[in-house]
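Its first residue numbered 1, the sequence shown is counted upward by one per residue in our numbering.
By construction, the Cβ of each residue, glycine as well, lies at the ideal position given by its N, Cα and C atoms.
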Amino acid sequence: MSKDIESTLPFLTSKEIDDGYDEISKELLVSKDKILEILTALLSGRHVLLAGPIGTGKTRLAMDIPPIFWKKYGGYDAIDHTATSDWSTLDVIGGILPKVVDKHPTYQIQDGCVVSTVKKNSEISTAHSKYSDIPYAGTWLVIDEFNRAEIDKAFGQLFTALRTQNLKIPTITSHNYEDLKILKDYRIIGTLNTADKHFLFNLSDALKSRFAYIEVDIPTREQFKTEIYFAMRNALKDLDLDSPFDKVVLDDVNKKIIEDKSDADFYRRVMQAYYILDTVRIFKKLGPAVLKLIYQNLIVGTIISQDSKKSLDNSLTSNLIPQLEHESSQSLEIIRVLHTTDSLNLFIKKAYDVQSDRESYLNSFEKLFGYLEISNKDLLLLDFKNGNLAQDDQKWDDVKEKYLTKIEDFELSLTEWPIALTELIKSKVF
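Next up, the structure:
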C-alpha cells in the first residue's frame, strides 16, 4: 500500500526535540546546538552531509536521528550504504543488467540505493524501530564515506532528481523511462571523513545547493571526563564480557568514571590513554571512537595479562600508529618528544640550528604552542623563523614550564609506543 503522495516531514515540537536529544545523548557526546543545526536543515527540506574527523559519531548520528526524533510518527527507518571509488549511476540510481535464466540471456532492472529507498519511503511500512511501537513513517538513505565516490560521476543524475523531485527509472519493456516521485518527507544523510574545514570548497555547486554541510568535530578538552566516560562505557558494551569488569566504575548519572572506586593503576592508564591521544590530536583530529578502541584493547589486555601498563603500550601502538602514517616527520618528532624524556627546548634548538629546515617546522610548532597555550606564540614563531632565537632567551621559558606541566600526565615509561613512533619517523626519511 502506498503513502499519500503529498506526505511531508512532520514538524517537531520543543518537547519532541528535547526528548530526542535526551535519547541521543545517552549514547553520543554531541551538543544540543549541533543537533538543532541538523534538525533545522532537515526540516527546511535540505538533505545533509555530516563532515568531520574519524570516530566522531557521524554515522551513528545519521542512523539514529531519523527513528528517534520522529518516533511519535513511527520514526524513519535509516538504511545505510557505504560509497566506494567505483560507484556510478548504477549504484545510486540503477540500470539494466544482463542475466541468464534457464541458459537464455535476458535482462533485469537493478535499483540503486536511492531508488530502492525512495520506493520504500513511498510504501506504508509494517515494521517499527525499538523507539516506537508505531510502524515506520518512511525510509531514509544514509550514505557513509560519501567522498569516496567520484561525486559528479556517481551522483550527477541524483542532483537533477532532487531538484525536480522525480527519478527517471529505466524499463526493459518500453526501452524508455518510468517516473518515480520523491516524496517530500524523504531525506538523504551523507557522512564525510575529513578534518579539513576547506573541503567544502572542493564540493560541486550542485552538491552544495542540495545538501547542508554540517561539521561534527571532536569533543573539547573541557569535556574530557565525559568523553572518557562514553569511550569506556561503549568499549565495555561492545566487548560484552561474560563477567563484570571491576577495575573501573562508571557514574551513569554524572557521566564520568568514579576514580576512588576504580582500580588505581587501571584508572591511571585510562587517563594516560586520553592524554596521549590528546597530543596526537595536535596534528590529527581523531574522535571518541578511537579512544573507545584503545580502551577495548586495554581492557582485554589487562584481563589476559594482568598488566595494564603493557596493555596500554600495545593498544596505543596498534590503534594510533596507523592513523599517523601520513603525518609529517616534524609532527611525529614532536609527538615522540612529548612522550619521552627528551627535552622539548633542546629539540626546538636542534630544529633551529638547521637553518635550511626551519620553515618545515613552523606549522608543527604553531600547533604545538597552541596545545601548550603559549601566550606569546606568534612572537616566538617569528623569532624562530627569522633566526632571532637566543639560547638563553627568557621568552622561551613559558614553553619549558608548560611542557613540564603537561608531561606529568603522561608517565614517561612506555616502551613500544615511543619505539613505534621512532620507526615511523625513520620510514619518512628514506
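- Burial check for Asp22: the Cβ neighbour count within 10 Å stays below 16, so the residue is exposed.
- In this structure, Gly156 keeps its C-beta atom at 9 Å or more from the C-beta atom of Leu49.
- Judged by pairs of C-beta atoms under 8 Å, the region 51–60 does not touch the region 115–122, as fewer than three such pairs exist.
- DSSP places Thr173 in the coil class of the three-state scheme, outside both helix and strand.
- Remark: C-beta atoms of Pro418 and Arg336 approach each other more closely than 9 Å.
- Residue burial annotation: Glu6 is exposed, with fewer than 16 other C-beta atoms found within 10 angstroms of its C-beta.
- Asn193: not part of any alpha helix (DSSP H); member of the beta strand (DSSP E) spanning Ile188 to Asn193, first to last residue.
- Within its own chain, the residues whose Cβ lies closer than 8 Å to the Cβ of Leu382, once the five positions on either side in sequence are excluded, are Asn388, listed in chain order.
- Contact between His47 and Phe211 holds, with the beta-carbon distance rounding to 5 Å and staying under 8 Å.
- The residue among Thr422, Lys72, Thr89 and Ala62 with its C-alpha nearest the C-alpha of Leu324 is Thr422.
- As the crow flies, the alpha-carbon of Lys285 is around 14 Å from that of Pro322.
- The Cβ-Cβ distance between Phe283 and Ser329 does not fall below 9 Å.
- For Ser44, the secondary structure class from DSSP, reduced to helix, strand or coil, is coil.
- Runs of the alpha helix (DSSP H) lying entirely within the region 102–188 and spanning at least 4 residues, in chain order: 113–121 and 151–164.
- Its chain contains no residue whose beta carbon lies nearer than 6 Å to that of Leu379 once the 5 sequence neighbours on both sides are disregarded.
- Below 8 Å, too few C-beta pairs join the region 227–237 and the region 60–73 to call them touching: fewer than three.
- A straight line joining the alpha-carbon of Arg269 with that of Arg281 spans about 18 Å.
- According to the DSSP assignment, Asp278 belongs to the alpha helix (DSSP H) that extends over Ala264 to Val280.
- The beta carbons of Leu239 and Ile151 sit no closer together than 9 Å.
- Closest in alpha carbon position to Leu36, among Thr279, Val92 and Glu16, is Glu16.
- Only buried fits Phe384, as 16 or more other CB atoms lie within 10 angstroms of its CB.
- Around the beta carbon of Met63, 16 or more other beta carbons sit within 10 angstroms, so the residue counts as buried.
- Check the Cα spacing between Ala137 and each of Asp263, Ala78 and Ser14: the tightest is with Ala78.
- Thr59: member of the alpha helix (DSSP H) spanning Lys58 to Phe69, first to last residue.
- A straight-line Cα-Cα distance of about 17 Å links Ser85 and Gly94.
- When the Cα atoms are used, Leu368 and Ala351 turn out to be separated by approximately 14 Å.
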